[in-house]
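Worksheet for the structure shown next.
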Amino acid sequence: MAAWREEWVAALDALEADVETIERLIEDEHRVQALPAANPWSPPAELSALPLDLKPRADRILARQIAAAHAVSTAITGNRRQTAYAAKIEVGTAGKAIPAYVDCNA
Numbered sequence: 010m011a012a013w014r015e016e017w018v019a020a021l022d023a024l025e026a027d028v029e030t031i032e033r034l035i036e037d038e039h040r041v042q043a044l045p046a047a048n049p050w051s052p053p054a055e056l057s058a059l060p061l062d063l064k065p066r067a068d069r070i071l072a073r074q075i076a077a078a079h080a081v082s083t084a085i086t087g088n089r090r091q092t093a094y095a096a097k098i099e100v101g102t103a104g105k106a107i108p109a110y111v112d113c114n115a
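Just so we're aligned, residue 10 is where the sequence shown starts under my numbering, counting upward by one.
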């Protein structure tokens, strides 16, 4: 029975490490491009049901994951808005071609 609990502790440790990585990236977003894409987590096949005493920890990790996902989506939305705004400034009219004049007297 102790091994069952320890397997869940290890699984939750791995989940918590992943969400801590995302939380650090949110705080220091310039490092995002330098890191490889995260691997999706799935529970090890040999795990049985979560021990009841670990449920509060699992719930806290889930809440942090949801908050981190929300923060990432908010950051992505902000970046897209900034990109669209910068495109308007650089081009003048959101993606339309800039008029070009050619001196044919040369």
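Every residue gets a Cβ at the ideal spot worked out from N, C-alpha and C, and that includes glycine. Note that this is a predicted model, so its numbers are computed, not measured.
Counting the other CB atoms within 10 Å of its CB gives Ala77 a total of 16 or more, which places it among the buried residues.
Collapsing the DSSP output to three states places Asp27 in a helix. Cα atoms of Val18 and Thr30: separation of roughly 18 Å, rounded to the nearest angstrom. Secondary structure at Pro53: coil, using DSSP grouped into helix, strand and coil. By the CB criterion at 8 Å, Ile70 and Val28 fall inside the cutoff. Check the Cα spacing between Arg14 and each of Glu55, Ala26, Ile35 and Asn48: the tightest is with Glu55. Secondary structure at Ala93: helix, using DSSP grouped into helix, strand and coil. For Asn88, the secondary structure class from DSSP, reduced to helix, strand or coil, is helix. Leaving aside the five residues that flank Ala23 on each side, none in its chain has a CB nearer than 6 Å to its CB.
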